[in-house]
Every structure is written in C-alpha cells, then in structure tokens.
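Using our numbering, read the sequence shown as starting at 15 and increasing by one per residue.
A short write-up of the structure that comes next.
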Amino acid sequence: MRKFGLIGLVAFIFSILLCGCRIDSQIKEGSKKINVVATIFPQYDFARQIAGDRINLKMLIPPGAEAHSYEPTPQDMINIQKSDVFIYVGGENDNWIDNILNSIDISQKKVISLLDCVDVLDENSESDAQPGSDSHREVDEHVWTSPKNAMKIAQKISETLCELDADNASFYNQNLNKYIEQLKILDNKFKNVVATGKRKTLIFGDRFAFRYFAEEYGLNCYAAFSGCSSQTETNAAQMAYIIDKVKELKIPVVLKMELSSENIARAVAQETNAKVLTMHSCHNVLKSEFENGETYLNYMNKNLDVLKEALN
Ligand SMILES: [Zn+2]
15 MRKFGLIGLV AFIFSILLCG CRIDSQIKEG SKKINVVATI FPQYDFARQI
65 AGDRINLKML IPPGAEAHSY EPTPQDMINI QKSDVFIYVG GENDNWIDNI
115 LNSIDISQKK VISLLDCVDV LDENSESDAQ PGSDSHREVD EHVWTSPKNA
165 MKIAQKISET LCELDADNAS FYNQNLNKYI EQLKILDNKF KNVVATGKRK
215 TLIFGDRFAF RYFAEEYGLN CYAAFSGCSS QTETNAAQMA YIIDKVKELK
265 IPVVLKMELS SENIARAVAQ ETNAKVLTMH SCHNVLKSEF ENGETYLNYM
315 NKNLDVLKEA LN
C-alpha cells in the first residue's frame, strides 16, 4: 500500500512536471504576439495603425456583413475567448457580446468598450426628432465618427497594448503619436470646411450614424431615421418633413450611408432636385474595400469632400 502510494506520488509529480513543461512551451509559443480581436472596422483600423504586424489582429464581424444585424457564430465565441485584448463598442447593439463576456472567464483579458472611452450622446436629439415621436432614449454607439473621439479610442488601445507588451511599447507610442497627428489634421480640415461653408445643415435620406460628428462640428442634421439600426422604419410624415427641409433651406445634397439601399435618398432627391452622395460611417466595410486596405482616414477624407459639397 505504502509502496504503491510512493510510486503514485512520483508519477503524480512527474506528470505535473511534464504538464508544466508542455504548458510553458505553449505559452511561450503563443505569447510571441498578443491576440487582439476587434468587433468592427474602426477599432480594428486603430489597432492596426498603432501596432502594425506586431500583434495578431482579427476583425470579428467579417467585412461585407451588416454590423447592426449580425448573428454570431460559435467560432466568434472561440475567437473572443482566445483574445488577449478584445475591443468592442458596447451599448444595445452589442448585447450579444455582453452575454458572451458574462459567460466566459475574462480575468486574463483586457476588454475595451468604445463607449467607455468617450462622453456618450443619446441617439435622439431635438434637431431631428419628429414632432410627437416616442421618447425612448438610447445611447448612440457611433462614437468613432468624431475624429476627437477616434483620438481618445486610439490612445486607450495604445495604453492597453503597452501594458501587455512592454517590449514593443515605444513602437506603439511612436505610432500612436503619428496617428494622433494625422487625426488632428483631419479634425482641422473638417473645422475649416464647416467654418467656410455656406450652410450648417445636413440631410440624411437614410439611417443616421453621425450624431458625434455633427455635435463636434456644430452641424444640424435631419434624417429619415433617428438611429442606425437596419430594422428602423421611417414613415410618410418624416419623409415629408425632410423633403420640406431640403426645399426650405435649398440643400444641394441628400446624403446616404454605406451599404444603403439608397431608396429614400433617391426619393428625396427626386422631389427636390438635390444630388445623392455617400457619407461613410465606417460602421460597415465592403470585402473589396477591406482587402484593398481602406482605412478610417481614407473614408474620412472622402467624407471631407462630400461635406464640402453638401455645405455649399
Ligand atoms: Zn451604424
């Protein structure tokens, strides 16, 4: 009995040692690069600008998928579980992610919610609320549409990477500083376009994702839908209201978003002789654009040209 116990103990210790070695080598192998998983494009691009190929970076929601009505797969759960840094937006649209995060052990993970990086705004504001519309308040999740918020988010991502990966901290910091400089230039360009524009009003014949952008640059916006969800439905009264606004203010451009059916924007344009142009919210990217290496800055610089036309 005692002899068997001793052999058992030795075998037990031996197995711990073996196991220990195996785990050690696994950790070393896996820890060459941090695994960063970002749910959608803006935070994916910010992490890429800061860390380049010194991290393993994955965008969870595949390019071309509609971020507002995304159905998670079992593989998504595994990807979230495997991440060292997980970056999501937060808010109502990301309830499914909160459910996943509540069901797994995240004590060894850094989880960044974009909504926690900035001052949040409500989805509905006075300027575009339709008279008598319901008073349900929801936080607008499109925080990244303001370049100033993009700076705050990039800062937080960089800080988090530096904490986990001190060896590359100076590289991350350098890239962050360069990126912030570019965002400042972009911010100044937007300010300049708004300051020199003939008007301060934008019309969206579409869903609305630019609350933070509009707030940042002091623009009034009227939209067919108060928010950005694909389930939102507009009605005849709101359509008539927008068409009247375009006529009253002689607005030259009706805006639409990326991945839009364009139906409403075209209908408003037809009634008013305005032109339809796209403001890219960066919420959804096409597969082809993603593969071409499009960036937040590229999309925003295109928006700059659109804004110039819409405000003059
Ligand atoms: Zn959106």
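Where is the CB? At the ideal position from N, CA and C, for every residue including glycine.
Between the CA atoms of residue j and residue i - distance to the nearest angstrom
i	j	result
Gln169	Asn187	9 Å
Phe185	Ala65	8 Å
Arg68	Asn163	24 Å
Ala237	Arg221	7 Å
Glu137	Gln122	33 Å
Gly307	His156	21 Å
Tyr84	Cys176	31 Å
Arg280	Trp158	27 Å
Leu318	Leu74	28 Å
Val268	Gly219	6 Å
Asn298	Ala223	11 Å
Gly78	Asn312	18 Å
Leu263	Ala183	51 Å
Glu43	Glu230	The predicted model places Glu43 with a pLDDT of 48, which falls under 50 and marks its position as unreliable; any figure quoted below should be read in that light. Going from the Cα of Glu43 to the Cα of Glu230 covers about 45 Å.
Ile92	Ile126	18 Å
Ile265	Asp59	33 Å
Ile257	Glu173	46 Å
Ala329	Lys212	Here the chain covers residues 15 to 326 and nothing more, so residue 329 does not appear.
Asn107	Asp181	36 Å
Lys322	Pro88	44 Å
Ala209	Ile114	45 Å
Lys8	Asn326	Lying before the first or after the last residue shown, residue 8 is absent from the chain, which here runs from 15 to 326.
Asp179	Lys192	19 Å
Ala250	Ala81	27 Å
Arg225	Ser117	32 Å
Ala228	Ser295	12 Å
Asn277	Gly241	17 Å
Gln95	Lys124	11 Å
Lys270	Thr248	14 Å
Leu273	Asp98	31 Å
Beta-bridge partners of residue i, as assigned by DSSP
i	result
Ala237	Phe218
Ser127	Tyr102
Thr292	Lys270
Asp136	Val153
Asn249	None, per the DSSP bridge assignment.
Ile48	Ile69
Residue i at chain B interface by Cβ criterion, 8 Å
i	result
Ser275	This model lacks chain B altogether; it includes just one protein chain.
Using only Cβ atoms and a threshold of 5 Å, which residues come within that distance of a heavy atom of ligand 1? Order them by chain position.
Ala223, Cys242 and His297
What residue ranges within the segment 64-117 form continuous alpha helix (DSSP H) runs of no fewer than 4 residues, ordered along the chain?
For the segment 64-117, whole alpha helix (DSSP H) runs of length 4 or above, ordered along the chain, are 88-96 and 109-117.
Could you give the uninterrupted runs of the alpha helix (DSSP H) lying entirely in the segment 155-199, keeping only those of 4 residues or more?
161-178
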